[in-house]
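Trainee:
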Amino acid sequence: MALVTTPATILKTYQDSETSKILRLLTLDRGLCSVVAKGARRPRSRFGGLLEPFTDGVVTYYAKEGRDLHTLSEFELGRERQSLGRQLVRYAGAGLVTEITLRFAPATGDEGLFRRLRAALDRLVEESGDLEAAILEETWQLIACLGFAPGIDVCAACGERPEPGETIHFDFAAGSSLCVRCHRLHPQLGLRELSRRAREELEMLIQARSGGGRLKTGREQRALLSEFMTYHLTDDRPLKSFRFLEDRLG
Ligand SMILES: [Zn+2]
18 MALVTTPATI LKTYQDSETS KILRLLTLDR GLCSVVAKGA RRPRSRFGGL LEPFTDGVVT
78 YYAKEGRDLH TLSEFELGRE RQSLGRQLVR YAGAGLVTEI TLRFAPATGD EGLFRRLRAA
138 LDRLVEESGD LEAAILEETW QLIACLGFAP GIDVCAACGE RPEPGETIHF DFAAGSSLCV
198 RCHRLHPQLG LRELSRRARE ELEMLIQARS GGGRLKTGRE QRALLSEFMT YHLTDDRPLK
258 SFRFLEDRLG
């Protein structure tokens with residue numbers, strides 16, 4: 018058994034037994050990993066109340082080669098984000114970015130992804146502008162880090178940039194889009210037509226330019242993101258946190 022020490026963010030926790038908890042972590046050095054925190058549910062546990070979702074710290078654990086579940090030794094608190102639990106929309110957003118991370122992050126270290134997730138959670142704590150825009154923007158940034166970023170700035174067929182007032186046809190499966198002319202020449206089923214305004218706002222979210230301003234096409238943006246994620250999920254389990262977010266935003 019090797020002792021591993023690495024910065025980590027707690028994505029999710031489960032009750033394991035009367036006294037133990039399992040933590041799903043994104044770690045800097047080893048990507049996704051699971052550890053059991055023995056005794057963490059005891060009233061006077063040495064972990065105190067630290068082991069909660071959305072908390073940053075440095076973990077030390079005993080890594081068992083060839084196993085998925087390791088044993089936590091130490092957790093040194095970095096930043097807790099308990100305030101997310103006091104505001105349901107912020108909490109729902111944090112749930113979405115951590116669930117996507119849990120579903121798609123690799124089990125190898127990825128510094129860009131690690132920093133992106135922490136930045137997203139920090140923003141969800143601190144955002145003073147429009148929360149819907151912040152959540153969608155952070156989710157698209159995370160998706161880009163995971164390697165699924167959609168291309169909507171140029172047409173996938175002719176390579177031209179659509180005119181400012183033009184609609185585009187978005188291909189969820191390919192993660193790309195067609196201009197009106199190419200779509201007319203080669204009509205394809207299953208593409209979604211995006212209005213000028215929806216295209217502009219999607220581009221703004223993907224490029225992280227919303228600046229906390231309120232979206233005019235918020236509902237459409239959520240539907241787009243949901244459909245995009247559905248196409249890129251590796252199995253048929255829908256994202257639970259997305260439904261929770263939808264219920265909060267109405
Ligand atoms: Zn084209």
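Numbering follows my numbering, with no gaps: position 86 of the sequence shown is 103.
The beta-carbon is built from N, C-alpha and C at its ideal position, and this holds for glycine as well.
Please read these numbers as outputs of a predicted model, since none were measured by experiment.
Identify, in the order they occur along the chain, each residue of the same chain with its Cβ nearer than 6 Å to the Cβ of glutamate 154, setting aside the five sequence neighbours on each side.
Mentor: Leu222, Ala225, Ser227, listed in sequence order.
Trainee: Counting C-beta neighbours from all protein chains within 10 Å, is the total for serine 145 16 or more, i.e. buried, or is it exposed?
Mentor: Exposed, because fewer than 16 other Cβ atoms sit within 10 Å of the Cβ of serine 145.
Trainee: Judging by CA-CA distance, which residue of Met246, Leu68, Glu128, Leu130 is the nearest neighbour of alanine 191?
Mentor: Answer by Cα proximity: Met246.
Trainee: To which residues of the same chain is glycine 182 closer than 8 Å at the C-beta, ignoring the five residues directly before and after it?
Mentor: Once the five neighbours on either side are set aside, the close Cβ partners of glycine 182 are Arg213.
Trainee: Does DSSP put glycine 48 in a helix, in a strand, or in coil?
Mentor: Glycine 48 falls in the strand class under three-state DSSP.
Trainee: Relative to the C-alpha of glutamate 69, which candidate in Ser37, Leu113, Lys29, Phe187 has its C-alpha closest?
Mentor: Checking every option, the nearest Cα to that of glutamate 69 belongs to Lys29.
Trainee: At which residues does the alpha helix (DSSP H) containing valine 76 begin and terminate?
Mentor: Run containing valine 76: none in the alpha helix (DSSP H); it sits in the beta strand (DSSP E), 73–80.
Trainee: What's the gap between the Cα of glutamine 205 and the Cα of aspartate 73?
Mentor: Taking the straight line from one Cα to the other gives about 45 Å.
Trainee: Which same chain residues, not among the five before or five after glutamate 274, have their C-beta less than 8 Å away from its C-beta?
Mentor: Shown here, the chain extends from 18 to 267; a query on residue 274 therefore has no answer.
Trainee: Can we say the segment 20–37 touches the segment 50–58, given the rule of at least three CB pairs closer than 8 Å?
Mentor: They touch, by the three-pair rule.
Trainee: Would the C-beta of alanine 174 count as close to ligand 1, meaning under 7 Å from any of its heavy atoms?
Mentor: Alanine 174 Cβ: within cutoff of ligand 1.
Trainee: Compute every distance between the C-beta of leucine 68 and the non-hydrogen atoms of ligand 1, then say whether any falls below 7 Å.
Mentor: Checking every heavy atom of ligand 1 against the Cβ of leucine 68, none is found closer than 7 Å.
Trainee: The alpha helix (DSSP H) with arginine 239 in it runs from where to where?
Mentor: From DSSP, the alpha helix (DSSP H) with arginine 239 extends over 235–249.
Trainee: Is glutamate 218 near ligand 1, with its Cβ less than 7 Å from a heavy atom?
Mentor: Result no, Cβ not under 7 Å from ligand 1.
Trainee: Starting from the N-terminal side, write out each stretch of the beta strand (DSSP E) that is 3 residues or longer and does not extend beyond the segment 156–191.
Mentor: Runs of the beta strand (DSSP E) inside the segment 156–191: 185–188.
Trainee: Please list, in chain order, all residues of the same chain as glutamate 91 whose beta carbon is under 6 Å from its beta carbon, the five residues on each side excluded.
Mentor: If we look at glutamate 91 and ignore the five residues flanking it on each side, its Cβ neighbours are Thr77.
Trainee: Would you kindly report the start and end of the unbroken beta strand (DSSP E) that includes alanine 25?
Mentor: Alanine 25 -> beta strand (DSSP E) spans 19–32.
Trainee: To the nearest angstrom, how far is the alpha carbon of threonine 22 from that of arginine 132?
Mentor: Their Cα atoms are separated by approximately 17 Å.
Trainee: Give me, in chain order, the residues of the same chain whose beta-carbon lies closer than 8 Å to that of leucine 159; leave out the 5 immediate sequence neighbours on both sides.
Mentor: Here the set comprises Val114, Ile117, Thr118, Leu130, Arg133, Leu134, Ala137.
Trainee: Do leucine 101 and arginine 265 come within 8 Å of each other at the CB atom, strictly closer than that value?
Mentor: Not in contact: arginine 265 and leucine 101 (Cβ atoms no closer than 8 Å).
Trainee: In this structure, how does DSSP classify phenylalanine 121 when only helix, strand and coil are distinguished?
Mentor: Looking at phenylalanine 121 - three-state DSSP - the assignment turns out to be helix.
Trainee: Any heavy atom of ligand 1 closer than 7 Å to the beta-carbon of glutamate 177?
Mentor: Correct: glutamate 177 has its Cβ closer than 7 Å to ligand 1.
Trainee: What residues in its chain sit with their C-beta under 7 Å from that of aspartate 85, if we drop five residues either side in the sequence?
Mentor: Once the five neighbours on either side are set aside, the close Cβ partners of aspartate 85 are Ser51.
Trainee: On the three-state DSSP scale, how would you describe histidine 200?
Mentor: Helix.
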